[in-house]
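In order, the protein sequence lines correspond to chains E and L. Quick note on our numbering: the first sequence kicks off at 2 and runs consecutively. Quick note on our numbering: the second sequence kicks off at 623 and runs consecutively. Here's the structure we're looking at; comments come further down.
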Amino acid sequence: MRPDTMRPTAATPGGVPELDVDALLGDKEKHVIACCGSGGVGKTTTAAALALRAAEVHGRRTVVLTIDPARRLAQSLGMEALDNTPKSVAAVQGGSLDAMMLDMKRTFDEVVASHTSAERAAEIFANPFYQAVSSTFSGTQEYMAMEKLGQLRATGKWDLIVLDTPPSRSALDFLDAPARLARFLDGRIIRLLSASTPGARRSMLSLMGASAAVFTRVFNKVLGGHLLTDVAEFTASLEDTFGGFRKRAEATFRALQDDQTSFLVIAAPEPAAVGEAVYFTRRLTEERMPLDGMILNRLTPVAASLSAERALGAAAALEEADADDPVAAVLRTHADLARRRAAEERVAARYAAACPDVPQRWVPALGVEVVDLDDLRAFGAAAAGALPSE
Amino acid sequence: MTASAPPVPRLHIVTGKGGTGKTSVAAALALALAGPGRRVLLVEVEGRQGIAPLFDAPSLGYQERHLAAGLDGGEVFGQSVDADEALLDYLTLFYRLGSAGKVLQKFGAIDFATTIAPGLRDILLTGKLKEAVSRAESGRMAYDSVVLDAPPTGRIVRFLNVTVESGRLAKTGPIGKHSRSVARLLHSSLTAVHLVTTPAAMPVQETVDAHRELLAADLPVGHLVLNRVAAAKAVEVDHAEIAAGLTRAGLAADETLVAGLMEEYAAARHEIEAVDAYRDRLERLGRPVDELPLLPEGVDLSGLYQLARELRPSFAGARRPLSGGTDAA
Ligand SMILES: Nc1ncnc2c1ncn2[C@@H]1O[C@H](COP(=O)(O)OP(=O)(O)OP(=O)(O)O)[C@@H](O)[C@H]1O
Ligand SMILES: Nc1ncnc2c1ncn2[C@@H]1O[C@H](COP(=O)(O)OP(=O)(O)OP(=O)(O)O)[C@@H](O)[C@H]1O
Ligand SMILES: [Mg+2]
Ligand SMILES: [Mg+2]
């Protein structure tokens with residue numbers, strides 16, 4: 002990469018197709034944009050910034066569904082309370098933007114309540130195992146994000162839904178976790194267990210033979226008898242609701258495959274994040290999910306076009322005359338930035354090599370954090386390749 | 623070691639906000655602790671496989687394996703502890719399950735048990751750590767130190783608070799006894815929980831919060847590691863001076879180059895000042911604060927040894943030779 006392409010105002014890689022974010026946000030046929038990626042790469046920031054830009058620049062009726070946003074970002078978007086419904090963002094200029102953060106426990110409760118009688122629902126809510134599943138289980142957040150997306154879509158109130166995805170290690174979790182949780186809740190062991198409550202023990206024995214007896218005996222000792230009982234009771238009361246929401250999750254998942262949806266994969270210029278982005282891209286392609294582009298976020302901004310080697314050479318020359326030459330310090334700072342940027346671009350090149358057809362956009366680090374609406378506007382402009390030059 | 627001195631920590635638990643450098647710092651610390659003749663075990667949980675790539679090594683498994691030579695001639699071993707395997711171990715040990723264990727695993731019962739009881743998972747994982755810390759082999763401790771690449775700050779207190787967690791499980795029987803002995807180790811001065819942060823608002827805030835929560839849970843906090851500190855010298859300089867300096871060094875001092883350098887340096891200066899503020903905030907917590915440089919090329923194997931050398935002086939105590947078979951239990 003030539004040094005002059007390192008300017009943050011020209012943050013797009015050479016030789017790969019360029020992601021046109023404005024065309025995507027302005028496309029009236031697109032109703033869902035999902036921002037995916039591994040932990041900490043900037044999914045929530047990207048979702049918020051794109052939603053804001055869709056409202057302000059493209060005049061769309063937009064809602065952003067965020068998950069675990071940083072507190073100061075939540076405040077900027079007026080999401081003070083976790084009330085699980087979208088609220089209008091006041092300071093938006095033109096268009097309209099609503100914002101909400103997901104309350105997974107509440108969403109799970111809503112789903113249960115809408116699929117069963119009030120009496121059954123109350124039974125389920127009171128079960129300690131349900132409380133664990135709905136608040137601390139891995140996969141629940143992903144499952145409920147999908148559920149909420151389905152709900153928001155069904156209202157028809159918004160013309161564009163921008164979806165943030167949960168902070169998990171792997172971007173793939175968003176695709177896999179709901180099914181994994183559904184399989185778990187619906188799986189063989191849990192069925193055996195619900196059959197293992199006193200009275201039904203024989204059916205279980207015949208299935209698993211001697212191990213089954215060991216299973217209940219040992220696990221009751223290890224886990225405590227109450228836990229297995231809770232699980233068994235939970236499963237029993239879930240029978241009628243579960244088919245319902247499992248089907249719903251599947252339908253929402255399939256809806257993600259249609260042309261109205263767009264996936265963006267977000268990555269940071271680090272080996273692990275770029276590796277995840279490659280896996281995720283492959284999976285989307287296999288699943289025929291519509292991937293529109295990759296956003297490489299938080300590149301080290303380099304403003305001066307001078308190679309690291311020449312900067313270091315010049316610094317050394319200056320220091321020979323005066324060990325404390327301040328310009329040498331300036332040059333060494335530049336050399337450090339240029340080396341960091343070059344290393345990041347080498348990492349980024351792995352994505353381009355593995356997924357040459359996926360359009361990309363590079364977004365520089367904009368200070369240390371993106372918290373208020375102006376920061377989000379600047380991020381949106383950078384993502385659209387329209388950074389106002391300072 | 624005098625009789626009155628508190629024992630030097632042998633179990634080092636490295637946590638921090640996601641992405642701040644827990645894995646890198648844990649690996650560097652393991653190298654730093656592996657002084658002459660010492661054996662250090664570097665452990666990861668949750669199947670992250672973050673350690674192996676740092677050492678250009680194949681994936682780690684449940685069996686401990688030699689990973690690298692430490693600083694000054696010690697040895698570092700690596701292990702990836704998995705809760706399902708640990709439960710199987712545990713059942714085999716206490717219930718003499720034999721081949722029935724394998725059947726349970728095949729049926730998904732093992733996985734099921736650790737899924738429905740996340741607290742059990744944590745007890746099993748910390749239990750393996752205790753075992754590694756207290757294991758003796760041919761008359762000496764198998765490992766002088768054990769370093770854990772731990773779950774992030776958001777989950778660390780829960781992860782380490784085994785007695786509380788075990789309260790949710792069966793109270794009698796081997797699991798209760800087992801978790802009490804693990805808790806004794808984790809709350810003792812043989813353990814140190816180190817917190818890694820970068821110089822940024824959220825990670826520092828999480829560090830401050832985690833420090834408070836760990837103390838409230840009576841868990842021993844060790845060092846605070848300020849990672850990814852960009853090196854830059856604070857100087858006063860203006861446009862004209864930069865232009866003159868470039869000319870002196872034989873570079874063409876064109877206007878855009880000077881402006882670009884000025885812009886970069888101003889941002890870097892701003893960062894240095896922010897780092898100072900974060901360091902102050904950490905120092906007020908009253909723990910040793912170690913600073914690690916931002917490596918321009920990221921953390922590769924040679925970078926890891928560089929970080930280890932940076933850590934070595936402040937962990938000198940933990941590298942003292944041991945006076946034989948001090949048992950952890
Ligand atoms: N381009 C950028 N410049 C500066 N700061 C950024 C940029 N992008 C993101 N950040 C900051 O990085 C941090 C992490 O970003 P964010 O919360 O969006 O990531 P995430 O992928 O949603 O994380 P998680 O996986 O934890 O949900 C935030 O403090 C955010 O303000
Ligand atoms: N001192 C450093 N200089 C440069 N890069 C660093 C430094 N420390 C860590 N990194 C880089 O930052 C990234 C995250 O580091 P690491 O994987 O160690 O963090 P972590 O806290 O273990 O992350 P996770 O929460 O995902 O497990 C890696 O790409 C690593 O190479
Ligand atoms: Mg997020
Ligand atoms: Mg890690």
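Positions of the beta carbon are idealized from the N, C-alpha and C atoms, including for glycine. Remember, it's a predicted structure, so these values are computed and weren't measured experimentally.
- The alpha-carbon of Ala309 (chain E) is positioned some 17 Å away from that of Thr878 (chain L).
- A straight-line Cα-Cα distance of about 11 Å links Gly314 (chain E) and Leu307 (chain E).
- Your pair Thr67 (chain E) and Thr45 (chain E) checks out as a contact, with CB atoms roughly 5 Å apart and the cut at 8 Å.
- Secondary structure of Ala100 (chain E) (DSSP, three-state): strand.
- Scanning its chain for C-beta atoms nearer than 7 Å, with the 5 sequence neighbours on each side dropped, one finds around Glu345 (chain E) the residues Pro270, Leu300, Thr301, in chain order.
- Taking Gln261 (chain E) as reference, the option from E:Met102, E:Asp160, E:Val58, E:Thr286 with the minimal CA-CA separation is E:Asp160.
- Boundaries of the beta strand (DSSP E) harbouring Pro915 (chain L): 911-915, taken from the DSSP string.
- Within its own chain, the residues whose Cβ lies closer than 6 Å to the Cβ of Arg850 (chain L), once the five positions on either side in sequence are excluded, are Thr820, Leu916, listed in chain order.
- By the 16-neighbour rule on beta-carbons within 10 angstroms, Lys750 (chain L) is buried.
- A direct Cα-to-Cα measurement between Val647 (chain L) and Gln827 (chain L) gives close to 19 Å.
- Within the segment 332-352 of chain E, the residues whose Cβ lies closer than 8 Å to any Cβ of chain L are, in chain order, Leu332, Arg333, Thr334, His335, Asp337, Leu338, Arg340, Arg341, Ala344, Val348.
- Distance between Asp711 (chain L) and Val662 (chain L), taken at the CA atoms: about 23 Å.
- DSSP places Asp771 (chain L) inside the beta strand (DSSP E), whose first and last residues are 767-771.
- Distance from the C-beta of Thr137 (chain E) to the nearest heavy atom of ligand 2 is not below 7 Å.
- Within the DSSP secondary-structure output, Cys36 (chain E) pairs in a beta bridge with E:Asp165, E:Leu265.
- Using beta-carbon distances, Leu929 (chain L) does not count as an interface residue toward chain E, since no partner is under 8 Å.
- Secondary structure at Asn783 (chain L): coil, using DSSP grouped into helix, strand and coil.
- If you check each beta-carbon in the segment 677-697 of chain L against every beta-carbon of chain E, none falls closer than 7 Å.
- For Asp177 (chain E), the secondary structure class from DSSP, reduced to helix, strand or coil, is helix.
- Here the residues close to ligand 4, judged by CB distance below 7 Å to any of its heavy atoms, are L:Lys644, L:Thr645, L:Arg670, L:Gly672, L:Asp771 in chain order.
- Using a Cβ-Cβ distance cut-off of 8 Å, the segment 114-121 of chain E and the segment 136-147 of chain E are not in contact, since fewer than three pairs of beta carbons, one from each stretch, lie closer than that value.
- Considering only beta carbons, no part of the segment 800-815 of chain L lies closer than 7 Å to chain E.
- DSSP lists L:Leu664, L:Arg687 as the bridge partner or partners of Gly700 (chain L).
- Distances taken from the Cβ of Lys639 (chain L) to the heavy atoms of ligand 3 include none shorter than 7 Å.
- Secondary structure in the segment 110-169 of chain E: the beta strand (DSSP E) runs of 3 residues or longer, each lying completely within the stretch, are 161-165 in chain order.
- Residue contact with chain L for Pro360 (chain E): absent (no Cβ-Cβ distance below 8 Å to any residue of chain L).
- Distance between Leu747 (chain L) and Ala705 (chain L), taken at the CA atoms: about 6 Å.
- Ranked by how close their Cα comes to the Cα of Phe734 (chain L), the residues E:Val232, E:Arg341, E:Val364, E:Arg249 have E:Val232 in first place.
- Comparing C-alpha distances from Glu932 (chain L) to each of L:Ile635, L:Lys639, L:Ala652 shows the shortest one belongs to L:Ala652.
- Contact between Ala754 (chain L) and Val768 (chain L) holds: their C-beta atoms lie close to 5 Å from each other, under 8 Å.
- Pairing Leu868 (chain L) with Asp912 (chain L) gives a Cβ-Cβ distance that is not under 8 Å.
- Within chain L, Val857, Glu858, Val859, Glu863 have C-beta atoms less than 7 Å from the C-beta of Pro327 (chain E), given in sequence order.
- Going by DSSP, Gln361 (chain E) is part of the beta strand (DSSP E) stretching over 361-365.
- Burial of Glu666 (chain L) is indicated by the presence of at least 16 other C-beta atoms within 10 angstroms of its C-beta.
- Non-local C-beta neighbours of Leu285 (chain E) in its own chain, meaning closer than 7 Å and more than five positions away in sequence, comprise Phe264, Leu292, ordered along the chain.
- By the neighbour-count criterion, in which 16 or more other beta carbons inside 10 Å mark a residue as buried, Gly157 (chain E) falls on the exposed side.
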